[in-house]
Amino acid sequence: MIRSTLFVCLLMFLPGNLLRSETAALTRIREVLASGEKPVRLVAFGDSVTGLYYHSGGRRAYGELLGEAIRQIHPQADLTIHNAGRSGHTTANALARIEQDVLVHKPHLVTVMFGLNDVAKLPIEAYRKNLIEIVRRCRASGAEVVLCTPNAVLTTPERPLEKVFAYSEVTRAVAREFTVPLCDVHAEMEALKARDPEAWRLAMSDEIHPNYGGHRRIAEVLARTLTGEETRLEDEGPQAPLLDFTMTRLRAGEVVTVLAMPPFETLIGEALGERVPGARVEVIPWPTAGLSRTLLQKDAARRVRPLAPTLVFVAIPRETAAEDREQFIKTQMWIVSNSLSRGAREWDVVVVHPAVFGGEPEEAEKENDALIRRITVNQDLPLLDRAPDDPRDAAVLLREWLAAVSP
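For the sequence shown, our numbering begins at 11 and goes up steadily by one.
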């Protein structure tokens, strides 16, 4: 632990270019991105942290966000990004699928981010050998490689901090030995943890996976490695359309199934009918009375994915209390995460702030109210909220919000 902490402290004072090897191939890719003179094909190769899963909201992971970040720096860049992230995969799995998932795209550049499953499943020497072979295979195909250290984690029995640090050190060593550009995600996220522990915690979906907020930070760091320039992806909320699955089906005359917590199980059918006359809506109530946040988290895990609804309204009442701040953060994230499809988004999910239906907060509740807003942004999900001093009831706010997001 001491070694890891000292290393992170050192990294915070080093110039960024001391941590990355620049190659002629990367220099040329930078030139092409800046000029837009030719297309650049990039493959983001990794595990569930790379892939498109519920942890980041199911619409954008760091690979997709990397494209946004690079275009902020170079608007003329002609960039295509393929996401080749697979849940549970190690570098051994990576080698087994590198041809069909990566090289088939004839990439100019491959970002490689494994390690968190290797820590739990493979000896460290096997991880090293596999990384070297991944680099060799990519370069033999004509692609340059950027090696990424795995993100920082909360310690668990399978992934203790010291072991994650050791595998990150192997990634750094391979990058040095083979002159491979390095994006030190682990060091960047550890530095954030040391500088602002709450910001880091709110950027994590669970002990090992970043949420959308964490993916946004990874994309910024990768963009800096690839372009040599800084950029920031602002917290602008989820991309439109916000209710794509719901409105597409309603306008096609199909039945939509809505799973809604109180009081929205009594409001949403009529509100959708106003947006699409003749709307065919089946509303399924999601009871919350008498359930703790921990029980609601378990209930969401059992209830939502087997149902595969079209739309979910998550409206956790204030009286559903948590034992402490960490439990509030964890359950808020996981009730919502369990309401999403496991991989790419397959239905719409709306988080409703308790200010919409729960009256004025007590002084002690204001901190949690603020946390809900921060967490929802970091999950890349729409939030139905109440503006300060807006006295209108929940039904009116719902109808107005639907009109704004589904014109």
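For every residue, glycine included, the Cβ atom is placed at its ideal position computed from N, Cα and C.
Classification of residue i by the beta-carbon crowding that lies within 10 angstroms, buried from 16 upward
i    : result
S45  : exposed
S404 : Per the sequence shown, residue 404 should be read as Ala rather than Ser. So A404 ends up on the buried side.
R169 : buried
R402 : exposed
P273 : buried
T15  : The predicted model places T15 with a pLDDT of 44, which falls under 50 and marks its position as unreliable; any figure quoted below should be read in that light. By the 10 Å Cβ count, T15 comes out exposed.
G300 : exposed
Q307 : buried
D245 : exposed
S349 : buried
A185 : buried
D358 : buried
G152 : exposed
L20  : Because the pLDDT at L20 is just 41, under 50, the model does not fix this residue reliably, and the point stays unresolved.
Nearest-angstrom beta carbon gap, residue j and residue i [assumed within contact, 8 Å]
i    : j    : result
C193 : T241 : C193 to T241, Cβ: 14 Å. No contact.
I345 : V324 : 6 Å
V268 : P316 : Not really, about 16 Å apart at Cβ, beyond 8 Å.
T237 : L321 : That belief does not hold up - the Cβ atoms of T237 and L321 are roughly 39 Å apart, past 8 Å.
M271 : T304 : With a Cβ gap of about 16 Å, M271 and T304 do not count as contacting.
Paired residues, beta bridge with residue i - DSSP
i    : result
M123 : G56
D358 : L321
R312 : BP columns for R312 are empty, so no partner.
N93  : A54
E292 : T267
D88  : P49
P220 : M214
C193 : C158
L393 : V361
8 Å Cβ cutoff met for residue i and residue j
i    : j    : result
S351 : T330 : no
I142 : F175 : no
L164 : E217 : yes
R40  : H118 : no
Y137 : T101 : yes
V180 : V145 : no
P371 : P327 : no
A35  : E154 : yes
A281 : L408 : yes
R396 : V366 : yes
A87  : L43  : yes
G247 : V361 : no
R227 : L202 : yes
R81  : R355 : no
V231 : V195 : yes
N140 : A106 : no
Segment contact, 8 Å Cβ cut-off, at least three pairs: the stretch 153-160 with the stretch 114-128: Contact between the stretch 153-160 and the stretch 114-128 is present, because at least three Cβ pairs lie under 8 Å.
Any 3 or more C-beta pairs closer than 8 Å across the stretch 285-298 and the stretch 256-273: Yes, they touch.
Three CB pairs or more closer than 8 Å across the stretch 335-342 and the stretch 47-61: Cβ pair count under 8 Å is below three, so no.
At least three beta-carbon pairs within less than 8 Å, the stretch 107-115 to the stretch 76-86: With a cut-off of 8 Å, the stretch 76-86 and the stretch 107-115 do not count as touching, because too few Cβ pairs lie within range.
Stretch pair the stretch 91-99 + the stretch 54-69: three plus CB contacts closer than 8 Å: With the rule of 3 Cβ pairs closer than 8 Å, the stretch 91-99 counts as touching the stretch 54-69.
Cβ contact check for the stretch 221-231 and the stretch 386-401: 3 or more pairs under 8 Å: Using a Cβ-Cβ distance cut-off of 8 Å, the stretch 221-231 and the stretch 386-401 are in contact, since at least three pairs of beta carbons, one from each stretch, lie closer than that value.
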